[in-house]
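Participant: In UniProt numbering, the protein residues as written are 1 to 438.
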């Protein structure tokens, strides 16, 4: 009987094991998960900190017991893999049942990502928002504090700022960039959200943290010192490849290199999720996107191929969406400077429109930027910030970019029209029309 071993029970690991189970009902499948949670949702942590829900089990789509009983997958929680012997096809692990070893015919590595860290003098009040298994303890500690610093103005930093201000905490946000979300948005739209957040949060932009002292109570930057009750470090994540970095081929992004079938340089070893490199569909170059929808689909593809049903993973266009209070913030494809870096000749248009017909009450501003290549006319990227209907528009642009649509192709997409939620000339189409006319 064939056996599949999966290292990591997050989105990719459980998608891979579930898909393999469906295709090969008799296969023996064993999943090793270092925490108490599988099929979990780290994206929910800021909302848990905010207090929008209290049951930590809601972080899991399905419980370990569900997979054991309903899908006949041997899930071993609180069990950490310590070593992989690729030549003998053996995995060694330690957990609540002691030390164990497990032989495999197929292996899926789905160890996810890990937070980038800053050196600190003590860390009793230095916090990292990363895994749902730590969310209850994290929330208890943060709720006991009054003034909290956040280092990093990316997606997680913005979401943490929203959660803490909703809890009436005083928030100091320190960011190296000149505006927030600078790795997601170009300056035109980045300024819109930065101005909004500055109404609730004390911002220190263009500052580099030199040192964290007193266990997270003192932050020293290149421009000043700040005393706080605690510090959240949200400077990004990196692929968690510690277990395999000297064994499996890594790509130029630092994540595990795979082919389009999610296979590593070992034919029977697959990799999926935030530890895995992909290809940017726009540039054709290696790319790394640590987001749950990508991880789930990577796992599904790996499980399909292990299960005997060939499937290719096409790559990514880096679709992102987040929110800050009433604002939704989306981007897909390349930013303008990214496009230049990859050798394109970008042209762009930025417009501010309304989300509803002029006679329909309650219309909101919506800010749209579209980027295209001057030579090929291909759509390269889009960014949208607004209070309504951001997700649907950014998803439409993701599909257009993924399929290589030109400016004219996108202009003629037959979008739906309803005065209560859109305009005859949709703001995205208005931005595209502006590129065409210019």
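Glycine included, every Cβ here is placed at the ideal spot set by N, Cα and C.
#1: Can you tell me whether residue 104 is helix, strand or coil according to DSSP?
#2: The alpha helix (DSSP H) that contains residue 239, what's its start and end?
#3: Report the rounded CA-to-CA distance for residue 218 versus residue 269, giving the unit in angstroms.
#4: Out of 152, 110, 107, 111, which one is the CA nearest neighbour of residue 127?
#5: On a Cα-Cα basis, can you pick out the residue from 118, 180, 178, 202 that is closest to residue 149?
#6: Counting only the same chain and skipping the five closest in sequence on each side, list residues whose C-beta sits under 7 Å from that of residue 37.
#7: Between 163, 64, 168, 221, which has its C-alpha nearest residue 120's C-alpha?
#8: Could you pull the DSSP bridge partners for residue 320 from this structure?
#9: What is the residue span of the alpha helix (DSSP H) that residue 398 lies within?
#10: Tell me residue 94's beta-bridge partners as DSSP assigns them.
#11: Counting along the chain, where does the alpha helix (DSSP H) carrying residue 17 start and finish?
#12: Among the candidates 303, 95, 319, whose CA atom is the shortest distance from the CA of residue 313?
#13: Exposed or buried, residue 180, counting other C-beta atoms within 10 Å across all chains shown (16 or more means buried)?
#14: Find the nearest neighbour of residue 88 within the set 106, 246, 231, 391, judged by alpha-carbon distance.
#15: Specify the secondary structure class of residue 7 as computed by DSSP and reduced to three states.
#16: For the stretch 362 to 370 against the stretch 314 to 325, do three or more pairs of beta-carbon atoms, one drawn from each stretch, fall closer than 8 Å, so that the two count as touching?
#17: Check this for me: beta carbons of residue 319 and residue 398, under 8 Å apart or not?
#18: Measuring only the C-alpha atoms, how far is residue 435 from residue 350?
#19: Excluding the 5 residues flanking residue 251 on each side, which residues of the same chain have their C-beta closer than 6 Å to its C-beta?
#20: With which residues is residue 211 paired in a DSSP beta bridge?
#21: Which one of 310, 262, 267, 275 has the shortest CA to CA distance from residue 244?
#22: Reducing DSSP to helix, strand and coil, say where residue 310 ends up.
#23: Going by C-alpha to C-alpha distance, which of 110, 254, 375 sits closest to residue 348?
#24: What do you reckon, are the CB atoms on residue 19 and residue 300 nearer than 8 Å?
#25: For residue 204, report the span of its beta strand (DSSP E) as first-last.
#26: Should residue 297 be labelled buried (16 or more other beta-carbon atoms within 10 Å of its own) or exposed?
#27: So residue 388 and residue 364 are supposed to be a Cβ contact under 8 Å. How far apart are they, rounded?
#28: Nearest to residue 502 by alpha carbon, out of 176, 352, 233?
#29: Quick one: grab the DSSP three-state call for residue 419.
#30: Name the residue from 341, 29, 228 whose alpha carbon lies nearest to the alpha carbon of residue 103.
#31: Report yes if the C-beta distance between residue 186 and residue 26 is below 8 Å; otherwise report no.
#32: Look at the Cβ atom of residue 6, then the Cβ atom of residue 113, and state whether they are nearer than 8 Å.
#33: Does DSSP put residue 362 in a helix, a strand or coil?
#34: Please state whether DSSP places residue 291 in a helix, a strand or coil.
#35: Does DSSP put residue 383 in a helix, a strand or coil?
#36: With residue 272 and residue 108 assumed to form a contact (beta carbons below 8 Å), what rounded beta-carbon distance in angstroms separates them?
Facilitator: Let's see:
#1: Counting from one through the chain shown, the residue named residue 104 turns up at place 104. Residue 104 falls in the coil class under three-state DSSP.
#2: As a working note, residue 239 is residue 239 in the chain shown. Note, residue 239: premise wrong, no alpha helix (DSSP H); beta strand (DSSP E) at 237 to 239.
#3: In the chain shown, counting from the first residue as 1, residue 218 sits at position 218. In the chain shown, counting from the first residue as 1, residue 269 sits at position 269. Rounded to whole angstroms, residue 218 and residue 269 show a C-alpha spacing of 45 Å.
#4: In the chain shown, counting from the first residue as 1, residue 127 sits at position 127. For residue 127, the nearest C-alpha among the options comes from 152.
#5: The count along the chain shown starts at 1 and reaches residue 149 at position 149. Ranking 118, 180, 178, 202 by Cα distance to residue 149 puts 202 first.
#6: Within the chain shown, the letter at position 37 stands for residue 37. Same-chain partners within the cutoff: 59, 60, 132, 133.
#7: For the purposes of this step, residue 120 is identified with residue 120 of the chain shown, where counting begins at 1. With distances taken between Cα atoms, residue 120 lies closest to 221.
#8: Residue mapping note: residue 320 aligns to position 320 of the chain shown, counting from 1. DSSP lists 331 as partners of residue 320.
#9: Looking up residue 398 in the chain shown gives position 398. Segment 390 to 402, the alpha helix (DSSP H) holding residue 398.
#10: Counting from 1 along the chain shown, the entry for residue 94 is found at position 94. In the DSSP output, where bridge partners are listed per residue, residue 94 has 80, 99.
#11: What you label residue 17 is simply residue 17 of the chain shown in a count that begins at 1. 11 to 23 is the span of the alpha helix (DSSP H), which, as asked, contains residue 17.
#12: Here residue 313 corresponds to residue number 313 of the chain shown, with the count starting at 1. Nearest of 303, 95, 319 to residue 313, Cα basis: 303.
#13: Translated into the one-based positions of the chain shown, residue 180 becomes position 180. Residue 180 is buried by the Cβ-count criterion.
#14: Along the chain shown, one-based indexing puts residue 88 at 88. Comparing Cα-Cα distances from residue 88 to each of 106, 246, 231, 391, the minimum goes to 106.
#15: The residue given as residue 7 occupies position 7 in the chain shown. Strand, per DSSP.
#16: Cβ pair count under 8 Å is below three, so no.
#17: As a working note, residue 319 is residue 319 in the chain shown. As a working note, residue 398 is residue 398 in the chain shown. In this structure, residue 398 lies closer than 8 Å to residue 319 by Cβ.
#18: Within the chain shown, the letter at position 435 stands for residue 435. Within the chain shown, the letter at position 350 stands for residue 350. If I take the Cα positions, the gap works out to 9 Å.
#19: The sequence position of residue 251 within the chain shown is 251, counting from 1. Cβ within range, chain order: 257, 277, 286.
#20: Within the chain shown, the letter at position 211 stands for residue 211. Per DSSP, 220.
#21: Your numbering for residue 244 matches position 244 in the chain shown. Closest option to residue 244, Cα to Cα, is 275.
#22: Position 310 of the chain shown, counted from the start, is the residue given in the question as residue 310. In this structure, DSSP gives residue 310 a state outside helix and strand, which the three-state scheme calls coil.
#23: Taking the first residue of the chain shown as position 1, residue 348 is located at position 348. Residue 375 is the option with its Cα nearest to residue 348.
#24: Numbered from its first residue, the chain shown carries residue 19 at position 19. Numbered from its first residue, the chain shown carries residue 300 at position 300. Yes. Within cutoff.
#25: Position 204 of the chain shown, counted from the start, is the residue given in the question as residue 204. Unbroken beta strand (DSSP E) run through residue 204: 202 to 205.
#26: Counting from one through the chain shown, the residue named residue 297 turns up at place 297. Classification for residue 297: buried.
#27: In the chain shown, the residue the question calls residue 388 occupies position 388. In the chain shown, the residue the question calls residue 364 occupies position 364. Correct: roughly 5 Å between the Cβ atoms.
#28: The displayed coordinates of the chain run from 1 to 438. Any statement about residue 502 would go beyond what the structure contains.
#29: Indexing the chain shown from 1 puts residue 419 at position 419. DSSP places residue 419 in coil when its eight states are reduced to three.
#30: Walking along the chain shown from the start, residue 103 turns up at place 103. Taking the Cα of residue 103 as reference, the smallest distance to any Cα among 341, 29, 228 is reached at 29.
#31: The residue you call residue 186 lines up with position 186 of the chain shown. The residue you call residue 26 lines up with position 26 of the chain shown. Between residue 186 and residue 26, the C-beta gap is not smaller than 8 Å, which leaves the two residues out of contact.
#32: By 1-based counting over the chain shown, the position of residue 6 is 6. By 1-based counting over the chain shown, the position of residue 113 is 113. It is not a contact, given that the beta carbons lie outside the stated cut-off.
#33: As a position in the chain shown, residue 362 is number 362, starting the count at 1. Residue 362 falls in the coil class under three-state DSSP.
#34: As a working mapping, residue 291 is identified with position 291 in the chain shown. If DSSP states are grouped into helix, strand and coil, residue 291 belongs with coil.
#35: For the purposes of this step, residue 383 is taken as the residue at position 383 of the chain shown. Strand.
#36: Along the chain shown, read from residue 1 onward, the residue named residue 272 stands at position 272. Along the chain shown, read from residue 1 onward, the residue named residue 108 stands at position 108. Contact holds; Cβ gap of about 6 Å.
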